[in-house]
Structures are given as C-alpha cells and as structure tokens.
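To start, the structure itself, in structure tokens.
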Amino acid sequence: MSDQIVHTTDADFEADVLQSEQPVLLDFWAEWCGPCRMIAPILDAIAAERKGRVRICKLNIDENPKTPMKFNVRSIPMLLLFRGGQVVDQVVGAVPKARLESLLEPHLGPEGSEG
Numbered sequence: 732m733s734d735q736i737v738h739t740t741d742a743d744f745e746a747d748v749l750q751s752e753q754p755v756l757l758d759f760w761a762e763w764c765g766p767c768r769m770i771a772p773i774l775d776a777i778a779a780e781r782k783g784r785v786r787i788c789k790l791n792i793d794e795n796p797k798t799p800m801k802f803n804v805r806s807i808p809m810l811l812l813f814r815g816g817q818v819v820d821q822v823v824g825a826v827p828k829a830r831l832e833s834l835l836e837p838h839l840g841p842e843g844s845e846g
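Residues 732 to 846 (the numbering used here) make up the sequence shown, in order.
Structure representation (structure tokens):
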C-alpha cells in the first residue's frame with residue numbers, strides 16, 4: 732500500500748478531508764469488499780502520480796460508522812471527491828483508472844502545483 736494514502740477515521744475526518752487545502756478523493760471501503768481490493772492499486776498509483784495535487788484518503792466503514800452514515804453510503808467502494816470541504820463528485824463501484832482520472836482532472840491544479 733502506498734505511503735501517500737491517508738487512512739482517516741471518524742475522529743480525524745474533518746482535519747484529513749474537510750480542512751484539506753488539496754482536493755481529496757475519499758474511498759469508503761471494507762476489508763471484506765472484493766471490489767474495494769480491486770481498486771486499491773489504482774488509488775495507490777493515482778496517489779503517487781498526483782502527489783501534491785490531490786490527497787487520497789481511505790475510511791474503513793466497519794471501524795468508522797459515523798462518516799459513512801453522514802454521507803449516505805449504501806454501497807462500497809464509494810469514492811467522494813471533496814474540494815474546499817464540499818463534495819463535488821462521486822463514483823460508486825470499482826471503476827477503471829481512466830474513469831477516476833477523468834473525475835479528478837477538472838478539480839486539480841496544474842502539474843507541479845503544491846496546493
């Protein structure tokens with residue numbers, strides 16, 4: 732797993748996601764979820780390739796039930812894209828890397844931008 736990915740919790744969600752200066756792609760996941768495991772390497776790659784432009788966070792729904800309830804998560808993996816503390820886009824299910832990249836690009840600063 733990439734050291735670029737932030738494993739957030741209900742307690743740290745506000746600081747890790749809502750107060751982030753960078754856009755945040757938040758992955759709601761669980762250990763038992765096969766599709767969640769399928770997209771994990773894609774998220775690792777995006778985190779490494781877009782370091783400094785987007786923050787990738789993961790939140791285990793079994794260990795942190797409050798945040799998924801707040802965002803009405805009914806199916807996983809569910810990825811929410813936050814910018815300025817607001818949800819600006821979302822994807823449900825294991826999707827190809829190209830789909831995640833097309834979701835992210837309109838919300839990211841130019842390459843080399845640190846925030």
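Backbone N, C-alpha and C define an ideal beta-carbon position, used for all residues, glycine too.
Range of the contiguous beta strand (DSSP E) that encloses residue i
i, result
"lysine 889", "Outside the shown range of the chain, which is 732 to 846, sits residue 889, and nothing can be said about it."
"arginine 814", "809-814"
"serine 823", "It should be noted that the sequence gives valine, not serine, for residue 823. Its beta strand (DSSP E) spans residues 817-823."
Candidates the options, of which the one nearest residue i by Cα
i, options, result
"isoleucine 770", "Phe813, Ala746, Ile807, Gln750", "Ile807"
"tryptophan 760", "Glu752, Glu836, Pro796", "Pro796"
"glycine 824", "Gln753, Pro766, Glu762, Asp734", "Pro766"
Collapsed DSSP secondary structure at residue i in the structure displayed
i, result
"phenylalanine 802", "coil"
"glycine 846", "Its pLDDT being 41, under 50, glycine 846 is placed unreliably in this model, and the value from its coordinates should be taken loosely. Note: glycine 846 maps to coil in three-state DSSP."
"aspartate 747", "helix"
"leucine 839", "coil"
"glutamate 794", "coil"
"glutamate 832", "helix"
Distance CB(residue i)-CB(residue j) smaller than 9 angstroms
i, j, result
"valine 737", "arginine 786", "yes"
"leucine 839", "arginine 768", "no"
Cut-off 7 angstroms between Cβ atoms - residues of its own chain near residue i, not counting five sequence neighbours on either side
i, result
"threonine 798", "Asp741, Phe744, Leu790"
"proline 827", "none"
"leucine 774", "Ile736, Asp758, Ile787"
Span of the alpha helix (DSSP H) around residue i
i, result
"aspartate 775", "765-780"
"leucine 756", "That residue, leucine 756, is in no alpha helix (DSSP H); its beta strand (DSSP E) goes 755-760."
"alanine 742", "Per DSSP, alanine 742 belongs to no alpha helix (DSSP H) and is neither H nor E."
Other residues of its chain near residue i: CB distance less than 8 angstroms, five sequence neighbours each side excluded
i, result
"cysteine 788", "Ile736, Val737, His738, Thr739, Asp747, Val748, Val755, Leu756, Leu757, Asp758"
"glutamate 794", "Thr740"
"glutamine 750", "Gly816"
"aspartate 820", "Leu811, Leu812, Leu834, His838"
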